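Asker: Take the sequence shown: its letter number 100 is residue 101 in this note's numbering, and every next letter is one higher. Take a look at this one; I'll ask things after.
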Amino acid sequence: MQNQHTFEIWRICRHSAQLRTVIHGHSLSLGPKRCCCLWIPLFASTTSPSTSSQPQVMEMETNGTRCGEHILSYGWFEKVLIGGVLTMLTLSTICGNLLVVISVCFVKKLRQPSNYLIVSLAVADLSVALAVMPFVSITDLIGGQWIFGQFFCNVFIAMDVMCCTASIMSLCVISIDRYLGITKPLTYPVRQNGCCMAKMVLSVWLLSASITLPPLFGWAQNVNDGRVCLISQDFGYTVYSTAVAFYIPMSVMLIMYHRIYRAAKLSAAKHTITETGNVEGTEAEQERKNQSIFKREQKAAATLGIVVGAFTFCWLPFFLVSTARPFVCGVECSCVPLWLERTLLWLGYANSLINPFIYAFFNRDLRTTYSNLLRCRYRNINRKLSAAGMHEALKLVEKPTETTARENAQWGLDYGTRPPPCQNGYFLKFVR
């Protein structure tokens, strides 16, 4: 008889959102997070009506959460340290992504369709920092218990899932954009107009919303019992959400990086072969163009490699745990240690911090704009960027080849003492 009761309670606990039953004359109301963990010790210690059974259960419910795991407790020094680290991480994420948005919106040279995707990425990361990180920080500092109510739990999970997914999707679309720009340099820039980029950005956010909406419309209910706020652990929804939000974008990014790396490697081999021969006349001009393409491919491969590596390092551990959790722990509770879960979650959030700095490191215009904005030099930013671009163009045109080296030898000149471009009229023509 006891085994039948035990099995019945286990079955109800696994498939119901709220368990309310009467055991030996005592009325108990257990949330879904605790019922799957408390029924075993309850029936192991009660074989007959007893006045001690109810206090025992209530003590376990008060002291333990999340399958019997105690809430995190910190000393005052640990709270100050953790609070300082999380605050710095949040503020740095806000400032970094805000710089990207301001730079692209207010600097004329950066207002290009190709940068719309970077703005979308920055807006998604900025939303994570503003709408998600503060509430997670407060929850972690008080030990992991949710204190913002059941209604806001659903709103919070929706914002968290949509913003993080939009950030990941933006990275995926950027990798595709960079690949097409490298492999189709003549045809793709023509199609890369504002309308096309706007459609790609809209697709990113609509796809992110498609992962957010199912729990709000009844497909898979979030786990929310007043003290725990957890995304739905439904098996089907977990597979769908993790695949669309992470595994498919990561696979696409890896494929794009492999193809760009292979294209850069082939270009490097051709560049090496060309350097071994003599280059004269129009071939010298072609060599300069090939060298420019080679450098662009190398830079794109390096940038995308760092982006993919940082993205995988930050998000892969979290999604591996999230995918395995419902299959290991069940759909009504989480058996993952709370400290591990929060650490992996913040590691994923850290990706929103490093994205703007990765792109700034490889983009001279963004670096220059960041520098001027941080030093409050708002005036003449566009003029400075134009002057820097002109300087780079002159360096590319005036780069010596074997032909120019022979000409310099005939005139007794080396490249360092060659007359400046303005003496042969080129500089004036370039300015006009």
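Virtual Cβ for every residue (Gly too), placed ideally from N, Cα, C. Bear in mind the structure is a predicted one, so any value in this text is a computation, not a measurement.
Within 10 angstroms of the Cβ of Val-105, are there 16 or more other Cβ atoms? Answer buried if so, exposed if not.
Answerer: Label assigned to Val-105: buried.
Asker: Contact defined as beta carbons within less than 8 Å: I believe Arg-260 pairs with Tyr-180. What is the distance between those atoms, to the nearest angstrom?
Answerer: 6 Å
Asker: May I ask you to check if the CB of Pro-135 is nearer than 7 Å to at least one heavy atom of the ligand ADP?
Answerer: As far as ligands go, the structure on display features none, and thus does not contain the ligand ADP.
Asker: Rank Ile-83, Lys-109, Val-81 by C-alpha distance to the C-alpha of Asp-366 and give the top, closest one.
Answerer: Lys-109
Asker: Exposed or buried, which one is Arg-376 when buried takes at least 16 other CB atoms within 10 Å?
Answerer: exposed
Asker: What whole-angstrom Cβ distance do Ala-221 and Tyr-238 have, given they're in contact under 8 Å?
Answerer: Sure, about 4 Å apart at Cβ, within 8 Å.
Asker: Assuming Ser-168 contacts Leu-122 under a Cβ cut-off of 8 Å, what Cβ separation, rounded to an integer in Å, is found between them?
Answerer: 6 Å
Asker: Counting pairs of beta carbons, one from the segment 188 to 195 and one from the segment 323 to 333, are three or more of them closer than 8 Å?
Answerer: no
Asker: Would you please state the rounded distance, in angstroms, between the beta carbons of Met-198 and Leu-118? I believe it to be under 8 Å.
Answerer: The pair is a contact, with the Cβ atoms about 7 Å apart (cut-off 8 Å).
Asker: Can you say whether Gln-151 is buried or exposed, counting buried as having 16 or more other CB atoms within 10 angstroms of its CB?
Answerer: That one is exposed.
Asker: What is the DSSP secondary structure of Asn-194, counted as helix, strand or coil?
Answerer: coil
Asker: Who does Cys-230 pair with in a DSSP beta bridge?
Answerer: Listed as beta-bridge partners of Cys-230 by DSSP are Asn-225.
Asker: Gln-435 by DSSP, collapsed to three states: which one?
Answerer: Because the chain is modelled from 2 through 433, residue 435 falls outside the range shown and cannot be assessed.
Asker: Please determine, among Val-337, Trp-77, Thr-184, the residue with the shortest C-alpha to C-alpha distance to Leu-267.
Answerer: Thr-184
Asker: How would you label Leu-345, buried or exposed, when you count the other beta carbons within 10 angstroms and need 16 or more for buried?
Answerer: buried
Asker: Using a beta-carbon distance below 8 Å, is Thr-166 in contact with chain C?
Answerer: Judged by its chain identifiers, the structure shown contains no chain C, having just a single protein chain.
Asker: Evaluate Leu-255 with the Cβ neighbour count: other Cβ atoms within 10 Å of its Cβ, from every protein chain shown; 16 or more gives buried, anything less gives exposed.
Answerer: Exposed, because fewer than 16 other Cβ atoms sit within 10 Å of the Cβ of Leu-255.
Asker: What would DSSP say about Ser-74, mapped onto helix, strand or coil?
Answerer: coil
Asker: Let me confirm a value: Trp-340 is counted as buried when at least 16 other C-beta atoms fall within 10 Å, else exposed. Which label applies?
Answerer: exposed
Asker: Under 8 Å, do Phe-319 and Cys-230 count as touching if we go by C-beta distance?
Answerer: Inclusion of Phe-319 and Cys-230 in the CB contact set at 8 Å is not warranted, their separation being larger than that value.
Asker: Decide if Val-86 is buried, meaning its Cβ has at least 16 other Cβ atoms within 10 Å, or exposed.
Answerer: exposed
Asker: Count the other CB atoms, across all protein chains shown, that sit within 10 Å of the CB of Phe-89; report buried if there are 16 or more and exposed otherwise.
Answerer: Reading off the sequence shown, one finds Met at residue 89, where the question assumed Phe. Exposed, because fewer than 16 other Cβ atoms sit within 10 Å of the Cβ of Met-89.
Asker: Does the separation of the CB atoms of Lys-300 and Phe-363 fall below 8 Å?
Answerer: yes
Asker: Assuming contact is defined by CB atoms lying nearer than 8 Å, are Cys-164 and Ala-125 in contact in what I supplied?
Answerer: yes
Asker: Run through DSSP, which three-state label would Asn-1 get?
Answerer: This structure does not reach residue 1, given that the chain is present from 2 up to 433, and the question cannot be answered.
Asker: For Gly-145, which three-state DSSP category applies?
Answerer: Coil, per DSSP.
Asker: Given this structure, state the Cα-to-Cα distance separating Leu-142 from Trp-347, to the nearest angstrom.
Answerer: 13 Å
Asker: How about Tyr-371 and Leu-100: do their beta carbons lie closer than 8 Å?
Answerer: yes
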